[in-house]
Amino acid sequence: MRKDLVIPNHIGIIMDGNGRWAKQRGQIRSMGHRAGVDNFKKLMKYMSEVGVKFVSMYIFSTENFKRDKKEVDFLMDLFVKMFTDEFDEIMKANARVVFSGRKEPLPAKVLEAMKKAEESSKNNTGPVLNFCINYGGQWEIVDTTRKLCEKYKNGEISLNDITPEFIQKNLYQDLPPLDFVIRTSGEQRISNFMLYQSSYAEYYFPETYFPDFGPEEFDKAIEEYNNRDRRFGGIKK
Ligand code: IPE
Ligand code: IPE
Ligand code: MG
Numbered sequence: 060m061r062k063d064l065v066i067p068n069h070i071g072i073i074m075d076g077n078g079r080w081a082k083q084r085g086q087i088r089s090m091g092h093r094a095g096v097d098n099f100k101k102l103m104k105y106m107s108e109v110g111v112k113f114v115s116m117y118i119f120s121t122e123n124f125k126r127d128k129k130e131v132d133f134l135m136d137l138f139v140k141m142f143t144d145e146f147d148e149i150m151k152a153n154a155r156v157v158f159s160g161r162k163e164p165l166p167a168k169v170l171e172a173m174k175k176a177e178e179s180s181k182n183n184t185g186p187v188l189n190f191c192i193n194y195g196g197q198w199e200i201v202d203t204t205r206k207l208c209e210k211y212k213n214g215e216i217s218l219n220d221i222t223p224e225f226i227q228k229n230l231y232q233d234l235p236p237l238d239f240v241i242r243t244s245g246e247q248r249i250s251n252f253m254l255y256q257s258s259y260a261e262y263y264f265p266e267t268y269f270p271d272f273g274p275e276e277f278d279k280a281i282e283e284y285n286n287r288d289r290r291f292g293g294i295k296k
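Quick note: the sequence shown uses our numbering, first residue 60, plus one each step.
Pasting the structure below:
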């Protein structure tokens with residue numbers, strides 16, 4: 060990584076193209092998911108080395124439950140491995156793992172593995188790694204609205220407490236806004252990813268399928284980010 064580049068504070072990654080990566084090689088989709096997770100571990104090591112502070116990793120959407128049961132089951136087992144037996148690399152990257160998403164209808168074994176990952180990494184001082192699993196941006200806004208309505212009803216907050224910053228703090232995780240969102244595989248849509256947090260994010264849509272999106276591709280992405288002119292509604296002086 061070039062030393063003069065600014066690293067975005069909070070990076071979102073929409074891991075996409077695992078299925079096509081496998082198909083291109085005459086393999087079944089599951090092989091692509093396996094390769095995607097292996098690549099993620101390498102990428103995480105690199106992101107930690109270069110000093111990324113916050114990463115939100117979209118690995119399973121609320122809509123992904125529409126897929127064949129076989130694929131969903133494979134992914135659930137893969138997540139369990141990733142958060143337990145294969146958790147070493149994430150620990151080595153010194154990442155503190157948190158999760159965003161709905162519990163229902165995740166299988167108990169996945170929820171337990173998530174709890175373990177959160178617990179064992181809670182004192183890590185490297186990047187905050189927010190896994191979005193069974194995550195939907197619209198559901199996050201719904202769940203937050205419900206939570207705040209409940210607080211209002213109980214007299215814990217008043218209407219004037221509800222501001223954009225307050226909502227941001229009360230989402231699934233209290234994280235800074237997204238600065239940069241990378242979606243691999245060439246699809247140019249956000250598929251329900253962090254709608255609230257991405258109000259001023261820069262987007263980047265490389266053609267590369269996620270299993271091939273390694274440190275070199277990441278460097279290219281950061282270079283591209285550094286070419287963007289972020290104005291936040293103001294005028295460039
Ligand atoms: C991303 O890869 C992984 C998940 C959404 C879980 P895909 O499985 O969406 O791969 P493509 O888009 O079909 O190639
Ligand atoms: C978005 O990818 C969800 C994740 C990467 C977890 P999809 O592959 O599910 O998105 P669509 O269906 O192409 O929009
Ligand atoms: Mg996809």
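Yeah, the Cβ is synthetic: ideal placement off N, Cα and C, and Gly gets one too.
Tell me whether Met-116 sits in a helix, a strand or coil according to DSSP, three-state version.
Mapped onto the sequence shown, residue 116 falls at position 57. Looking at Met-116 - three-state DSSP - the assignment turns out to be strand.
DSSP three-state call for Phe-291: helix, strand or coil?
Reading the sequence shown from its first residue, position 232 is the one you call residue 291. The DSSP-derived three-state label of Phe-291 is coil.
On a Cα-Cα basis, can you pick out the residue from Arg-84, Pro-235, Phe-252 and Glu-148 that is closest to Ser-180?
Locating residue 180 in the sequence shown gives position 121, where the first residue counts as 1. Comparing Cα positions, the closest option is Glu-148.
Under three-state DSSP, which class holds Asn-213?
By one-based count along the sequence shown, residue 213 stands at place 154. Asn-213 falls in the coil class under three-state DSSP.
In the DSSP assignment, find the alpha helix (DSSP H) that holds Glu-246 and state where it starts and stops.
Looking up residue 246 in the sequence shown gives position 187. Where Glu-246 is concerned, there is no enclosing alpha helix (DSSP H), given that its DSSP letter is neither H nor E.
Excluding the 5 residues flanking Met-90 on each side, which residues of the same chain have their C-beta closer than 7 Å to its C-beta?
Within the sequence shown, numbered from 1, the residue matching residue 90 stands at position 31. Cβ contact annotation for Met-90 (same chain, cutoff 7 Å, sequence separation greater than five): Ala-81, in chain order.
Proximity winner among His-69, Asn-189 and Tyr-211, relative to Lys-112 (alpha-carbon distances)
If you number the sequence shown from 1, residue 112 lands on position 53. Minimum Cα distance to Lys-112 is reached at His-69.
Judging by CA-CA distance, which residue of Arg-289, Gln-227 and Val-114 is the nearest neighbour of Leu-188?
Here the question's residue 188 lines up with position 129 in the sequence shown. For Leu-188, the closest C-alpha among the options Arg-289, Gln-227 and Val-114 is that of Val-114.
Does Gly-185 come out as helix, strand or coil in the three-state DSSP assignment?
Here residue 185 is taken as the residue at index 126 of the sequence shown, counted from 1. In the structure shown, Gly-185 sits in coil (DSSP, three-state: anything other than H, G, I, E or B).
Do you know offhand how far Leu-134's Cα is from Met-116's?
Taking the sequence shown and counting its residues from 1, one reaches residue 134 at position 75. Taking the sequence shown and counting its residues from 1, one reaches residue 116 at position 57. Each residue's alpha carbon lies about 15 Å from the other.
DSSP three-state assignment for Ile-87, whether helix, strand or coil:
Taking the first residue of the sequence shown as 1, we reach residue 87 at position 28. The three-state secondary structure of Ile-87, taken from DSSP, is coil.
Ligand 1 and Gly-273: does any heavy atom of the ligand fall closer than 8 Å to the residue's C-beta?
As a position in the sequence shown, residue 273 is number 214, starting the count at 1. In this structure, the C-beta of Gly-273 stays at least 8 Å away from each heavy atom of ligand 1.
My output table needs one value for Glu-171: the three-state DSSP class, helix, strand or coil.
Locating residue 171 in the sequence shown gives position 112, where the first residue counts as 1. Here Glu-171 sits in helix by DSSP.
Where DSSP assigns a beta bridge to Glu-261, which residues make up the other side?
Along the sequence shown, one-based indexing puts residue 261 at 202. Bridge partners of Glu-261: Phe-239.
Strand pairing of Tyr-194, partner residues [DSSP]:
Here the question's residue 194 lines up with position 135 in the sequence shown. Beta-bridge pairing links Tyr-194 to Ser-120.
With distances taken Cα to Cα, identify the nearest neighbour of Leu-234 among Phe-277, Lys-101, Phe-158 and Lys-100.
Position 175 of the sequence shown, counted from the start, is the residue given in the question as residue 234. Minimum Cα distance to Leu-234 is reached at Phe-158.
Straight-line Cα distance separating Val-65 from Phe-291:
Along the sequence shown, one-based indexing puts residue 291 at 232. Along the sequence shown, one-based indexing puts residue 65 at 6. If you take the alpha carbons of Phe-291 and Val-65, they lie about 17 Å apart.
DSSP three-state label for Gly-76, please.
In the sequence shown, residue 76 corresponds to position 17, counting from 1. Gly-76: coil per DSSP, three-state reduction.
Is Gly-78 near ligand 3, in the sense that its beta carbon is under 8 Å from a heavy atom of that ligand?
Within the sequence shown, the letter at position 19 stands for residue 78. Yes, Cβ of Gly-78 sits closer than 8 Å to a heavy atom of ligand 3.
Along the beta strand (DSSP E) that carries Val-156, what are the first and last residues, could you check?
For the purposes of this step, residue 156 is taken as the residue at position 97 of the sequence shown. Residues 155-159.
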